[in-house]
Amino acid sequence: MKTITLKLLSIFLAVGVGLSAPTAALAQQLDEEIQKPATASGKQEDALKAADEAEDRRAIEGAQGVTFEDVLKDPDNIDLNYKYAKTQVANGDLKGASATLERILMIDAALPKVRLFYGIVLYRLGNLREALRELEAIRALPMTESLQGEVDAYIERIKKKMRTTNWNASTGIGFQYDTNRNASPATGQRLFAGTPVQLTSGLRQEDFSYLFLLGMGVEHDLGLQQGHKIFADLNYYRAEQILLDTLDLQVYNWRFGTKLNGGRWGQFKVSMPFDHLRLSQETYLRTYGGRLDWDKRLNNKFSLYTQWQVSKHDYVRTSNIPTALQRNGGHFHVDYGFHYNLRPNQRLTAGLGFTDQQAREEEFAYDRHKILGRHAWLLGKGRFLLSGLTVQIDNYKQPDTTVSPKDRQDLTMRVGSTFGMPLGDLWKPLKNVLWTFTYEYFHANSNLINYSYTNNKVSTMFTYRWER
Amino acid sequence: MKIVRISLALFFGLSQSAFSQGAAQQLIQIGAAAAVAGGVTALAPQAGSAGRILSSGKTVFANDKISTDARGRLQVLFRDETVFTLGPDTEIVIDEFIYNPFDRSGEVLSTSVNKGTFRFVSGKVARKRPSAMKVKLPTGTIGIRGTIAGGTIFPDGSILIALLGPGAENTAGERPGSIEVTSAGKIVTLSRPGFATIIRPGQPPTTPFRMNPVQLAQLNTKPKAESGAGDPDGTEQDAKKTGGMGEAKTIVKATGIKQQRKQGDDQVTLNGAQSASSGVFSWADLRAGIQTGTGNYEAGTSGRYTCSGGTACSTPLTGILALHFEVNFGAKTFGGGGGDHIAFEAGAPNGVCGVAGVTCGGGGNVEATIPSTSFAALNGDAILTIGTDFTPGGTNGSDFNGTTLQFKENGHKVEGKLVYTSSVVNLSGTTFTGSATAPCISGACPQP
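Right, dumping it as structure tokens:
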């Protein structure tokens, strides 16, 4: 009885109230909306990770052209060995490069640039103590100011990594432009009880939004040989629309967990995440559950990953969405795939995913199948380009009769790229600021016209990072 | 003695000239020595009891026993790109090495470390099958899983073994490495760089522990970073422990280093007053320690050479090679002055060769000034490489463009050789070797 009442209320909201654009958007694509903060945070995390990797590579970007056979013929030729070390770096053989650089320093210990190179290679190999020793050994040597700056910067990075407890914080501001922020149907029509109705309002609405991110985290090394760690993160995301205020989003995310090194069994991360999502300044959704991440590097090219998450979605009725409670239910998803290093500076990821979203009312429950491909490209000088394609098929478990008697089936595609670069190259005081620019194309094709639409999005973000 | 399979010989050329023909037929080349310093010897049992002195670039054979003295160190570069670094007072035996780039099955690299300090970076053999590489110790073994590791054997027989990378959180895209240390029937796995275990005679390996800086320094195989500001990485201390560097590091002055060529009567002279901040006088000290003063190299007062090929010597000519250049220790440069030149003088048009006592037989000269060249970053053998571009007004407006000078440090002696190489100018009798000692004016004198 209660369900029927709520459905009637939905119809009333959709038809009787007059299809105000924001409400209509919320009613149709809430699943998409609640994923936005997680998507944004995930992309930001990927960007920061790529920025870290790009920064690590910056001082020792490789070259090509020298073979091991060349070195065997003239093993004490410093210039040749230096070129060979760069070739090894370019080929991703940092282990070998460490031996080559060690050889140069055995021949001539008075080469600060080579010792810096050697120290960075050791750092990237995770041999932090020897890396620190090498870099501190050259600190007092005469060298150019820029080289001295590089040495000091790496010493700082290594010392940070060697700390038992590491704190980090980041904050980002930016803005975003969407061509169809309210997810208005491409046909200009909506179905109501199976009948198409021409929209007079709720048509495609472009909009700008301000973005704000704040995050902090702590990670503690338990000091064991296996390198097990415990960690906790707290993040805040906010997207403030200029026009469509009902789509203003805020999310607080908190998680804690442990990173476990399983040796030949791979790396495990077990965590308990909690999200609190606010829509249009009202609490709309709380989620809590457990998550397991696993990855294993099979060789220098290939690694496997998987992610399992089980959570509970607790919705809260809001003034815009009085039917929110109908969506309460469990959530389970699994992602799995592989990473493949095309080149030392390019990584390809391919994966599949499955989601089982449950809901009190089955018309909000669905199974999702996902396929994704991503490409990460470290362009040099700390710059990077992340590109991705995701295709999803959602099969809803029961028809929403207020819309149509048919079961809803969506096919969505998201494709986009993010370019990032550190601003320290332009102006030194901005050395901790990362700039990213993102373009994304989203297309949803559904058997119900309400859910077929296209959106183009561009966004830019400036992120300041702090670590100690 | 293990039987070393000779299939390797099918894939790599053998270097056998140093041995008798009969012995050489049993020798299998597995790699080369590099970065050799101090005294390093190798003994291949197949060659009977004849040992040989290893220098950089020399071939290393299967079953070689390689030893370094108190000042010695080197790298052994295996064909599969495994690199073994040996520190002072170290001895290893290469028990078995099978590497076939065309058929990767059955590959093996097995070595025994009898004493000293070592470090290795595994190569292709261990990459394909980690268990294929093994390092034997006086008590225990190390099994490799694609990694960098090091160790040192102390006089009391205890052994420190450490993993040095790659770690689980490496950003190099490398698979994390690990080693399995076995002794007295017990296996201990090291899986995090900077962690180590100790084997005491007859006992199992200790539980892995994080090394302290002193233990880390005990694994170091490189010389210290050169500077005038102390001993930042502590290797001077290590060197003193070995007894190789002597006790005193007092200031000495050296003047008038003379280097006499062994071949011919050409003379290379380095004159000038320099001071070195070390009791050990070497080319490295010349570069690092001498802050002021100048010297010069002079060569070519007699001797006949043949010049052929190229623009100037399309018709072979006989003449002399004359060489003179200034060395500026303050600026760490050579060449660049008006008198700095290199010339193949086969008779000037006016009949005067510019060198007393030499008769010119006509023809042309190939002559060039030597541009100012920094040797601040150069090292190694004292090698003068004559550039191949001697077209007048060539690429850099200079004949013999690309001429460079390098130095070699060999223990406490100034030791070098002057090598003329050129793909254009063919000179007979082009290689000269020689040595020079640094007179000790005051302070502790280096011992030969």
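Residue numbers (our numbering), protein chains in the order written: chain A, 1 to 468; chain B, 1001 to 1448.
Idealized CB from N, CA, C, for every residue including glycine.
CA-to-CA distance, residue j to residue i, given in whole angstroms
{"i": "A:ASP392", "j": "A:VAL403", "result": "It should be pointed out that residue 392 of chain A corresponds to Gln in this sequence rather than to Asp. Spanning the two alpha carbons is a distance of roughly 22 angstroms."}
{"i": "A:VAL114", "j": "A:LEU132", "result": "14 angstroms"}
{"i": "B:PHE1460", "j": "A:THR287", "result": "Residue 1460 of chain B lies beyond the range of chain B shown here (1001 to 1448); nothing can be said about it."}
{"i": "A:LYS43", "j": "A:SER387", "result": "11 angstroms"}
{"i": "A:VAL71", "j": "A:LEU122", "result": "21 angstroms"}
{"i": "B:GLY1402", "j": "B:SER1372", "result": "For B:GLY1402, the predicted model reports a pLDDT of 48, less than 50, meaning its position is unreliable; a value from the coordinates is still stated below. Whole-angstrom Cα-Cα distance: 11 angstroms."}
{"i": "A:ASP410", "j": "A:PHE419", "result": "29 angstroms"}
{"i": "B:ASP1089", "j": "B:ARG1073", "result": "8 angstroms"}
{"i": "B:ASN1271", "j": "B:GLY1116", "result": "Residue confidence for B:ASN1271 is low, a pLDDT of 29 falling below 50, so the modelled location carries little weight; the figure read from the coordinates is stated next. Rounded to whole angstroms, B:ASN1271 to B:GLY1116 spans 41 angstroms at the Cα level."}
{"i": "A:GLU362", "j": "A:GLN307", "result": "26 angstroms"}
{"i": "A:GLU156", "j": "A:GLU136", "result": "11 angstroms"}
{"i": "B:VAL1093", "j": "B:ASN1220", "result": "20 angstroms"}
{"i": "A:LYS301", "j": "A:GLY92", "result": "9 angstroms"}
{"i": "A:TYR336", "j": "A:ASP295", "result": "9 angstroms"}
{"i": "A:THR323", "j": "A:LEU279", "result": "14 angstroms"}
{"i": "A:LEU243", "j": "A:LEU211", "result": "14 angstroms"}
{"i": "A:GLY424", "j": "A:GLY172", "result": "16 angstroms"}
{"i": "B:THR1171", "j": "A:ARG124", "result": "5 angstroms"}
{"i": "A:LEU298", "j": "A:ASN455", "result": "39 angstroms"}
{"i": "A:PHE175", "j": "A:LEU128", "result": "39 angstroms"}
{"i": "A:ARG408", "j": "A:SER446", "result": "7 angstroms"}
Contacts that residue i makes with chain B (C-beta to C-beta distance below 8 angstroms)
{"i": "A:SER271", "result": "Here the premise fails: no neighbours, minimum Cβ distance about 17 angstroms."}
{"i": "A:GLN267", "result": "ALA1168"}
{"i": "A:ARG53", "result": "A quick correction: the sequence has Glu, not Arg, at residue 53 of chain A. Neighbours of A:GLU53 on chain B, chain order: THR1171."}
Per-residue contacts from residue i into chain A (C-beta, under 7 angstroms)
{"i": "B:GLY1173", "result": "GLY92, ASN300, ASN341, PRO344"}
{"i": "B:VAL1121", "result": "LYS95, GLY96, SER98, ALA99"}
{"i": "B:THR1085", "result": "GLU102"}
{"i": "B:PRO1088", "result": "Going along chain A, no residue has its Cβ under 7 angstroms from B:PRO1088, so there is no contact; the nearest lies around 12 angstroms."}
Within 8 angstroms, strictly: CB atoms of residue i and residue j
{"i": "B:GLY1146", "j": "B:GLY1185", "result": "no"}
{"i": "B:ILE1144", "j": "B:LYS1128", "result": "no"}
{"i": "A:LEU48", "j": "A:ARG465", "result": "yes"}
{"i": "B:GLN1203", "j": "B:THR1152", "result": "no"}
{"i": "A:GLY329", "j": "A:ARG360", "result": "yes"}
{"i": "B:GLN1075", "j": "B:ALA1126", "result": "no"}
{"i": "A:TYR237", "j": "A:ALA40", "result": "yes"}
{"i": "A:GLU102", "j": "B:THR1085", "result": "yes"}
{"i": "B:VAL1108", "j": "B:VAL1083", "result": "no"}
{"i": "A:LYS457", "j": "A:TYR177", "result": "yes"}
{"i": "A:SER417", "j": "A:TYR439", "result": "yes"}
Neighbour list for residue i in chain A, Cβ cutoff strictly below 8 angstroms
{"i": "B:LYS1222", "result": "GLU102, LEU105, MET106, ALA109"}
{"i": "B:GLN1075", "result": "PRO75, ALA99, GLU102, ARG103, MET106"}
{"i": "B:GLY1335", "result": "Those within 8 angstroms of B:GLY1335 in chain A number zero; the least Cβ separation is about 18 angstroms."}
Those residues which DSSP pairs with residue i across a bridge
{"i": "A:ILE158", "result": "The partner list for A:ILE158 (beta bridge, DSSP) is empty, contrary to what the question assumes."}
{"i": "A:MET272", "result": "A:PHE256"}
{"i": "A:HIS313", "result": "A:THR287, A:GLY329"}
{"i": "A:MET216", "result": "A:ALA169, A:LEU234"}
{"i": "A:LEU191", "result": "A:PRO196"}
{"i": "A:ASP425", "result": "Note: A:ASP425 sits in no beta bridge, so no partner."}
{"i": "A:ASN456", "result": "A:TYR441"}
{"i": "B:ARG1210", "result": "B:PHE1195"}
{"i": "A:PHE462", "result": "A:ILE173, A:TRP435"}
{"i": "A:GLU228", "result": "As written in the sequence, residue 228 of chain A is His, which differs from the Glu given in the question. Paired residue(s): none; A:HIS228 is not in a bridge."}
{"i": "B:SER1067", "result": "B:THR1041, B:GLU1091"}
Chain A residues whose Cβ lies nearer than 9 angstroms to that of residue i
{"i": "B:ARG1192", "result": "GLY126, LEU224, GLN225, GLN226, GLY227, ASN261"}
{"i": "B:PHE1195", "result": "GLN225"}
{"i": "B:SER1178", "result": "GLY263, ARG264"}
Where residue i meets chain B, residues with beta-carbon distance less than 7 angstroms
{"i": "A:LEU199", "result": "Within 7 angstroms Cβ-Cβ: nothing; A:LEU199 doesn't reach chain B, min ~51 angstroms."}
{"i": "A:LEU68", "result": "Residue 68 of chain A is actually Phe in this sequence, not Leu. Going along chain B in sequence order, the residues near A:PHE68 (Cβ under 7 angstroms) are GLU1081."}
{"i": "A:GLU45", "result": "Ordered by position in chain B, no residue passes the 7 angstroms Cβ test against A:GLU45, which lies about 16 angstroms from the chain."}
Proximal chain B residues relative to residue i, where beta-carbon distance stays under 9 angstroms
{"i": "A:LEU385", "result": "Here the premise fails: no neighbours, minimum Cβ distance about 18 angstroms."}
Neighbouring residues, chain D, relative to residue i (Cβ below 9 angstroms)
{"i": "B:GLY1057", "result": "Going by chain labels, chain D is absent from the structure shown, which instead holds the protein chains A and B."}
Given 8 angstroms, three or more beta-carbon pairs between the segment 197-206 of chain A and the segment 167-187 of chain A: yes
Inter-stretch contact at 8 angstroms, needing at least 3 Cβ pairs: the segment 1189-1196 of chain B / the segment 96-110 of chain A: no
The segment 270-287 of chain A contacting the segment 304-324 of chain A, beta-carbon criterion three pairs below 8 angstroms: yes
Cβ pair count under 8 angstroms reaching 3, the segment 250-263 of chain A against the segment 216-231 of chain A: yes
The segment 206-224 of chain A touching the segment 162-169 of chain A, judged by at least three CB pairs closer than 8 angstroms: yes
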